[in-house]
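Each residue of the sequence shown is one higher than the one before, starting from 563 at the first, in this note's numbering.
We put the beta carbon where it would ideally sit given N, CA and C, even for glycine.
Before any comments, here is the structure.
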Amino acid sequence: MERKKTTGRRKIPLVKIEKDVDRYSTFSKRCSSLYKKASELVRENEVDLGIVLTSPTDKTYAFVHPTSNAVIDRFMNLKTDFGDHIIAENFRNKVNQLNNRLNELDKREELQKRNFLL
563 MERKKTTGRR
573 KIPLVKIEKD
583 VDRYSTFSKR
593 CSSLYKKASE
603 LVRENEVDLG
613 IVLTSPTDKT
623 YAFVHPTSNA
633 VIDRFMNLKT
643 DFGDHIIAEN
653 FRNKVNQLNN
663 RLNELDKREE
673 LQKRNFLL
């Protein structure tokens, strides 16, 4: 039996990154990945989501959908008034419209690339 050429998926221990420059770049990469995943969750599952991050340089980042008040009220298990639900639904609809438009533009771009290569 032939041995694998790669190590495959393996568990990597989580340890603090000691070098400041490495820590900043890793945070930047992981922050953008987290935003992408949060956006996917909102788009695919229509959830209310709130993420607040503080970078190693004490800069604050936030991703909240649909509004911060709606997310906080939901988290605190308080009943929101009817107006917050309408605002949240409007934000969801707008996000869905923008995502559909983005997908349409991506398809057009892909078709143009294919036609250009032919």
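- Here DSSP, grouped into helix, strand and coil, assigns Ile634 to helix.
- Here the segment 663-676 makes no contact with the segment 601-609; the two share fewer than three CB pairs at distances below 8 Å.
- For Thr616, the enclosing beta strand (DSSP E) has its first and last residue at 611-616.
- Beta-bridge pairing by DSSP links Ala624 to Val614.
- One thing to note: Phe653 has its Cβ within 8 Å of the Cβ of Pro628.
- Contact between Tyr586 and Thr619 is confirmed by a C-beta separation of about 7 Å, below the 8 Å threshold.
- A straight line joining the alpha-carbon of Asn655 with that of Met638 spans about 25 Å.
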